[in-house]
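Asker: Counting from 84, one number per residue, gives the positions in the sequence shown under our numbering.
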Amino acid sequence: MSAAAIETRGLGKRYGKVHALEDLSLRVEEGEVFGFLGPNGAGKTTTIRLLLGLLRPSAGGAEVLGRPAGPSMAAVRGEVGYLPGELALWPAFTGAATLDFLARLSARVAEDRARLLERLDLGTADLGRPVRSYSDGMKQKLGIVQALQCRPRLALLDEPTKGLDPLVQQEFYAVLEDARRHGTTIFFSSHVLSEVERVCDRVAMLRGGRLVSVGTVEELRRAQRRRVVAVFSQDVDGGSLAHFGEIVEREPRRVALHVAQADLPALVARLGMLPLVDLVVEPPSLEEIFLERYR
Numbered sequence: 084m085s086a087a088a089i090e091t092r093g094l095g096k097r098y099g100k101v102h103a104l105e106d107l108s109l110r111v112e113e114g115e116v117f118g119f120l121g122p123n124g125a126g127k128t129t130t131i132r133l134l135l136g137l138l139r140p141s142a143g144g145a146e147v148l149g150r151p152a153g154p155s156m157a158a159v160r161g162e163v164g165y166l167p168g169e170l171a172l173w174p175a176f177t178g179a180a181t182l183d184f185l186a187r188l189s190a191r192v193a194e195d196r197a198r199l200l201e202r203l204d205l206g207t208a209d210l211g212r213p214v215r216s217y218s219d220g221m222k223q224k225l226g227i228v229q230a231l232q233c234r235p236r237l238a239l240l241d242e243p244t245k246g247l248d249p250l251v252q253q254e255f256y257a258v259l260e261d262a263r264r265h266g267t268t269i270f271f272s273s274h275v276l277s278e279v280e281r282v283c284d285r286v287a288m289l290r291g292g293r294l295v296s297v298g299t300v301e302e303l304r305r306a307q308r309r310r311v312v313a314v315f316s317q318d319v320d321g322g323s324l325a326h327f328g329e330i331v332e333r334e335p336r337r338v339a340l341h342v343a344q345a346d347l348p349a350l351v352a353r354l355g356m357l358p359l360v361d362l363v364v365e366p367p368s369l370e371e372i373f374l375e376r377y378r
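1. Helix, strand or coil, according to DSSP, for T299 in the structure here?
2. Could you check whether E115 and D219 sit closer than 8 Å to each other, using their CB atoms as the reference points?
3. Using 10 angstroms around the beta-carbon of S273, count the other beta-carbons present and answer buried if the total reaches 16, otherwise exposed.
4. Going by C-alpha to C-alpha distance, which of V228, G95, K127 and D241 sits closest to D183?
5. I believe L166 touches G226 by the beta-carbon criterion, under 8 Å. Please report the beta-carbon distance rounded to the nearest angstrom.
6. Going by DSSP in three states, G291 sits in which element: helix, strand or coil?
7. So, for P151: in the same chain, excluding its five sequence neighbours on each side, which residues have a beta-carbon less than 8 Å away from its beta-carbon?
8. Here's the rule I'm using: 16 or more other beta-carbon atoms within 10 Å means buried, otherwise exposed. How should P358 be labelled?
9. Are three or more beta carbon pairs between the stretch 204-213 and the stretch 176-193 nearer than 8 Å?
10. Skipping 5 residues on each side, what residues in its chain have a beta carbon closer than 7 Å to that of L170?
11. Using the C-alpha atoms, what's the distance from P122 back to D361?
12. Taking 8 Å as the CB-CB limit, is R293 close to chain C?
13. Which residue marks the beginning of the alpha helix (DSSP H) containing S189, and which one marks its end?
So, in structure tokens, the structure goes:
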């Protein structure tokens, strides 16, 4: 098996009696775009801070790029790009000075800076202004650039599209694809379900500090119930279909059910015995999966 970009084993963080994160065991392969999904307070930011060594774990441990998270990470810290969820920049610095300073800290060449600035529409005039004059969206764009400008092996991005308008979000997705092509592993937290579904190879879901599920978007969909809508040419007893799944809509000539994938063949066979005129089987969206698991 190839080396993992991130590996955690029983990782936990406790504040007194409050468990911010419990027993997180996770492996992120090099070159993946990995989505870390959950509502506010689920433990996403705590996990990222533990991976960076900014917090000490209460239990378990983690390795990042082959090094234990913590003091020994100094040897690889320059290979990790980080965008915090609450981005705090030096207000008197210009945008250009901010990028230069953070690039020097990484001891790497900012080889992707010009391309990122163009993609995210940050021009020379913008970079010459002090950061205190930036809008929240401009600060977020600058944060993305600083995290990726030196082509890190691993990028940890905490809610990266926060404050970005829809057009810039589209460019951000293209930026992620470019970074992946150049070999960067992307680990980003989000509660924006559509973006995780769109760009991630795999997704982990957190709830209350615990891992709920992990897998590809397609694997999560396969494990989820389908919405089946059947339309008939004559009135039927829709209640007779109840043992195939949960009936969510019922009319004399139309029935909608939520059905487990394993029960679909039997349901379709039964529907074939009825005066069926239309049948729609809808795969669940990631949002539907999320909502069902978080009820």
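Backbone N, C-alpha and C fix where the C-beta goes; we use that ideal spot for every residue, glycine too.
Answerer: Well, looking at it:
1. coil
2. no
3. buried
4. V228
5. 5 Å
6. coil
7. G144 and A145
8. exposed
9. yes
10. K222, Q223 and G226
11. 37 Å
12. The question asks about chain C, but that chain is absent: this structure has only one protein chain.
13. G178 to S189
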